[in-house]
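Asks: Protein chains in written order, with the numbering used here: chain A, 1 to 270; chain B, 271 to 342. No residue lacks a Cβ here, since even glycine has one placed at the ideal position from N, Cα and C. Computed from a prediction, not measured in an experiment: that's the story for all the values here.
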Amino acid sequence: MTDTHTMVDDARALDSSLHIGGVEFVSRLIVGTGKYLTNQIMIDAIRASGAEMVTVAVRRVDLDRTKEEAILHHLDPNEFFLLANTAGCYTAEDAIRYARLARAAGFNEFVKLEVIGDERTLLPDVYATLEAARTLSDEGFKVMAYTNDDLITALRLEDAGCVAVMPLASPIGSGLGVVNPYFIREIKNRLEVPVIVDAGVGTASDACVTMEQGVDGVLMNTALAAADDPVRMSHAMKHAIIAGRLAYLAGRMPSREIAVPSSPMTGMLD
Amino acid sequence: MTQETTMEIQLNGKLHSFDRAHTVASLLEALDLQPGMVVVELNREILERGSYDASEVSHGDTIELVHFVGGG
Chain A
1 MTDTHTMVDD ARALDSSLHI GGVEFVSRLI VGTGKYLTNQ IMIDAIRASG
51 AEMVTVAVRR VDLDRTKEEA ILHHLDPNEF FLLANTAGCY TAEDAIRYAR
101 LARAAGFNEF VKLEVIGDER TLLPDVYATL EAARTLSDEG FKVMAYTNDD
151 LITALRLEDA GCVAVMPLAS PIGSGLGVVN PYFIREIKNR LEVPVIVDAG
201 VGTASDACVT MEQGVDGVLM NTALAAADDP VRMSHAMKHA IIAGRLAYLA
251 GRMPSREIAV PSSPMTGMLD
Chain B
271 MTQETTMEIQ LNGKLHSFDR AHTVASLLEA LDLQPGMVVV ELNREILERG
321 SYDASEVSHG DTIELVHFVG GG
C-alpha cells in the first residue's frame, strides 16, 4: 500500500460518508467526463480522483461517424455511479425530456438537472430549473439541481424535492474558484439535503477552500480535463477535497490581525 | 409491376430512406447499433427496451437515437 492510499484511508476514518438520495459515497468528489483529449486519459484521471459518481451527457448518436463516441464503451457502469446531466438544455421542457431519456438507459433514477439561462455566463435559469425539478421529483427522479449561489432558490429546490442542491462556485468552466463563500456557507447552513458545489473550481486550492465552507462535496470537470496533466491534477484534487473537509471538521483557529507568539513568554534569559 | 417500396423517416434530425419496412429492432441492426447502448424516442415517445421488436417504424416517423457521451 502506498503512502497515498494510507493517507486517504486515514482521512476516511475521520469523516463520515456522503449520502445522496439513499446512496452512500465515500468520496466527496464528483467528476465530469467531458473535454478529455482521450478516453484513456479520462479513465486514468477519474480513477486518480477517487470519485465514485461521474457525470455523463445525453446526446444523439452520430450516425455518420464510424468512431465510437458512446462513453459506456470506456466507462464501466459497474465501477462508477453514472449521473446523467441535462447540460445544454435552455428550457424546463427540454431538460425534462433529456432526463427521461437518461432514465430510460436503465442505470438509476438520478439526474443532474441543469437548465441554462444565458449563453455567455452559462448561469442557470432558476425559474425553469425549479419548474423542471418539481416535475421530475414528482416522476420519481432523484434530482441533483445545478443552481446559482442564491439561498432562496436553493431553499425552493429543496422544497421541490431535490435530493441535492448544487450551487456554483463561479461560472461553468471559468476556473475562478468560490466567488462568494459567504453565500455558499449560508446555503449549506440552511439546507438539510446535501449541498454539492458544482462548477467554477480551477485548481486544488479552490477545491480545498470550497470544502472548508462546510459543503458536502464538489463536482468538477474542466479543472481536471483542461489541466496540462489531468491525472496529476486529479490526484491533487482528491487530496484537496479531503484536506478541506478535514480542516472544516477540525474547526479552524480564529484569525487575528496581530501576531500571537507560539513560544512561552516566560523563562527567558536575563 | 409494383414500385419499389421506400420508407422515409426523420432520423436524428436527418431524412433517411430505407428500401424495406423496419421494426425499431431491425433498424438498430441495420445501423449497426447495440440495442443496450442506445435509447430510442419514436415520435417523441420513449420506447422501453423490450418493445423494440414489436415497434414498427412507419413512413414519416421521427426517431431520435441517443446515448451517453462525455459531459460535466
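Do we get a CB-CB distance below 8 Å when we pair T222(A) with the residues of chain B?
Replies: yes
Asks: N282(B) versus chain A: which residues are under 7 Å apart at the beta carbon?
Replies: R60, V61, L63
Asks: When the cut-off is 8 Å and only beta carbons count, does G342(B) lie next to chain A?
Replies: yes
Asks: In chain order, what residues of the same chain have a beta carbon less than 6 Å from the beta carbon of S287(B), not counting five sequence neighbours either side?
Replies: T276, E278
Asks: Closer than 8 Å is the cut-off here; do at least three beta carbon pairs connect the region 143–163 of chain A with the region 109–128 of chain A?
Replies: yes
Asks: Relative to the alpha-carbon of S27(A), which residue among H19(A), V126(A), M144(A) has its alpha-carbon at the smallest distance?
Replies: Residue H19(A) holds the alpha-carbon nearest to the alpha-carbon of S27(A) among H19(A), V126(A), M144(A).
Asks: Does any residue of chain B bring its CB to less than 8 Å from the CB of V111(A)?
Replies: no
Asks: Output needed in chain order: residues of the region 173–199 of chain A with a Cβ under 7 Å from some Cβ in chain B.
Replies: none
Asks: Cβ of V218(A) within 8 Å of Cβ of V231(A)?
Replies: no
Asks: Flag E93(A) as yes if its beta-carbon sits less than 8 Å from any beta-carbon of chain B, otherwise no.
Replies: no
Asks: Give a yes or no on whether the C-beta atoms belonging to L176(A) and N148(A) are separated by under 8 Å.
Replies: no
Asks: With C-beta atoms as the reference, is D216(A) less than 8 Å away from I242(A)?
Replies: no
Asks: Per DSSP, what are the beta-bridge partners of G217(A) in this structure?
Replies: I196(A)
Asks: At 7 Å on the CB atoms, spell out the chain A contacts of H365(B), in chain order.
Replies: Because chain B spans 271 through 342 in this model, residue 365(B) falls outside it and cannot be assessed.
Asks: For Y36(A), go through chain B and note every residue whose CB falls closer than 7 Å to its CB, in chain order.
Replies: Within chain B, the residues near Y36(A) are G340.
Asks: Is Q213(A) buried or exposed, if buried means 16 or more other CB atoms sit within 10 Å of its CB?
Replies: The residue is buried, with at least 16 neighbouring Cβ atoms inside 10 Å.
Asks: For K284(B), count the other beta carbons within 10 Å of its own beta carbon; 16 or more makes it buried, fewer makes it exposed. Which is it?
Replies: exposed
Asks: Determine which residues of the region 290–318 of chain B have a Cβ less than 7 Å from any Cβ of chain E, and write them out in chain order.
Replies: As a matter of chain content, chain E is missing from the structure shown, whose protein chains are A and B.
Asks: Please confirm if the region 203–213 of chain A is in contact with the region 140–156 of chain A, defined as three or more CB-CB distances below 8 Å between the two stretches.
Replies: no
Asks: Would you identify the three-state DSSP class for A226(A), choosing helix, strand or coil?
Replies: coil
Asks: Starting from K35(A), trace the beta strand (DSSP E) in both directions and tell me its first and last residue.
Replies: Note, K35(A): premise wrong, no beta strand (DSSP E); not H, not E.
Asks: Between H337(B) and chain A, is there a C-beta pair that is closer than 8 Å?
Replies: Interface residue, yes.
Asks: Per DSSP, G340(B) forms a beta bridge with which residues?
Replies: V56(A)
Asks: Buried or exposed for G341(B), going by 16 or more other Cβ atoms inside 10 Å?
Replies: buried
Asks: Please list, in chain order, all residues of the same chain as L101(A) whose beta carbon is under 7 Å from its beta carbon, the five residues on each side excluded.
Replies: Sequence-distant partners of L101(A) (beyond 5 residues in either direction) whose C-beta falls short of 7 Å from its own C-beta, in its chain, are V58.
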